[in-house]
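Everything below concerns the one structure shown next.
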Amino acid sequence: GQQLNQSPQSMFIQEGEDVSMNCTSSSIFNTWLWYKQEPGEGPVLLIALYKAGELTSNGRLTAQFGITRKDSFLNISASIPSDVGIYFCAGQNTGTASKLTFGTGTRLQVTL
Amino acid sequence: ETGVTQTPRHLVMGMTNKKSLKCEQHLGHNAMYWYKQSAKKPLELMFVYNFKEQTENNSVPSRFSPECPNSSHLFLHLHTLQPEDSALYLCASSPAVNSNQPQHFGDGTRLSIL
């Protein structure tokens, strides 16, 4: 089935550093979502993007909906230990909302 | 976030056992979903229910049998599973299937098949 390419696959950073990750697709989406999953838990919605070019923030997190509608970016500023987890992007199109296509995830480790 | 609750959190069963996974959502949503999450693979959609009616079966083997008695509850009945069925099973809900509102996930049931 369709798959989103998410990069990097994993990141090891120091506390206080900024983080950038991205997600690309061969087809367009009209909604992009970013989720975070911590060990032993389900994915938790971080940010939802509904318009091409949209830039949305949630605390230290900022995500952008790419102009081409085929990509999205997530930035985390001034990382802290509780940012550890796996970050998933997901694309969705209205009318086929059940067809959430997920990325392969970016595993983030934060060292003190 | 406890809007979507899944039980049990962990389940170990033999290949000949019959067990059920339960999902309950308190968000007033009308669509519910089952996903399978295996190591190093993207989440795989299994089933979709909209207003209690199944709208999607993503070629899931018949040893997995879903049930949705109402918009708030979703079950996954398991029978004669295989070792490769060991995975995290996630339930999600959303306001409706044909909307762009995000899905909200439960914490999953970690299933191990002996």
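So the sequence lines, in the order shown, correspond to chains C and L.
Quick note on numbering: this note's numbering labels position 89 of the first sequence as 89, and the sequence is numbered without any gaps.
Each number in this note's numbering comes from the position in the second sequence (counting from 1) with 1000 added on.
Ideal Cβ placement from N, Cα and C applies to all residues, glycine included.
| Beta-carbon proximity list for residue 112 of chain C, same chain, < 8 Å, skipping 5 on both sides | 14, 15 and 81
| task | Identify the continuous beta strand (DSSP E) that holds residue 1063 of chain L and give its terminal residues. | result | Per DSSP, residue 1063 of chain L belongs to no beta strand (DSSP E) and is neither H nor E.
| message | Taking its Cβ as the centre, do 16 or more other Cβ atoms sit within 10 Å of residue 1094 of chain L, making it buried, or is it exposed? | response | buried
| In whole angstroms, what is the alpha-carbon distance linking residue 1111 of chain L and residue 50 of chain C? | 35 Å
| task | Scan the region 1093-1111 of chain L for residues whose Cβ lies nearer than 7 Å to a Cβ of chain C and list them as they occur along the chain. | result | 1094, 1097, 1098, 1099, 1100, 1102, 1103, 1104, 1105, 1106, 1107 and 1108
| In chain L, which residues lie with their C-beta within 8 Å of the C-beta of residue 5 of chain C? | Chain L residues near residue 5 of chain C: none, gap ~11 Å exceeds 8 Å.
| query | Quick one: what's got a C-beta closer than 6 Å to residue 86 of chain C's C-beta in the same chain, skipping five residues either side? | reply | 37, 105 and 107
| Pairwise C-alpha distance: residue 1017 of chain L and residue 76 of chain C | 45 Å
| field | Helix, strand or coil at residue 1102 of chain L according to DSSP, with G and I counted as helix | value | coil
| task | Check whether the Cβ of residue 1090 of chain L lies closer than 8 Å to any Cβ atom in chain C. | result | yes
| query | CA-CA distance, residue 1096 of chain L and residue 1070 of chain L? | reply | 14 Å
| Secondary structure at residue 43 of chain C, three-state DSSP: helix, strand or coil? | Residue 43 of chain C sits in coil when the DSSP states are folded into three classes, being neither helix nor strand.
| task | Name, please, each residue of chain C whose Cβ falls closer than 7 Å to the Cβ of residue 1042 of chain L. | result | 3, 102, 103 and 104
| task | Identify which residue in L/1072, L/1048 and L/1061 has its Cα closest to the Cα of residue 1027 of chain L. | result | L/1072
| Backbone CA spacing between residue 102 of chain C and residue 1059 of chain L [nearest angstrom] | 18 Å
| request: Hey, could you find the ends of the beta strand (DSSP E) residue 91 of chain C is sitting in? | output: Per DSSP, residue 91 of chain C belongs to the beta strand (DSSP E) from 85-92.
| query | What are the start and end residues of each continuous alpha helix (DSSP H) run of 4 or more residues lying completely inside the region 1022-1057 of chain L, in chain order? | reply | none
| Beta-ladder partner(s) of residue 1007 of chain L, from DSSP | L/1022
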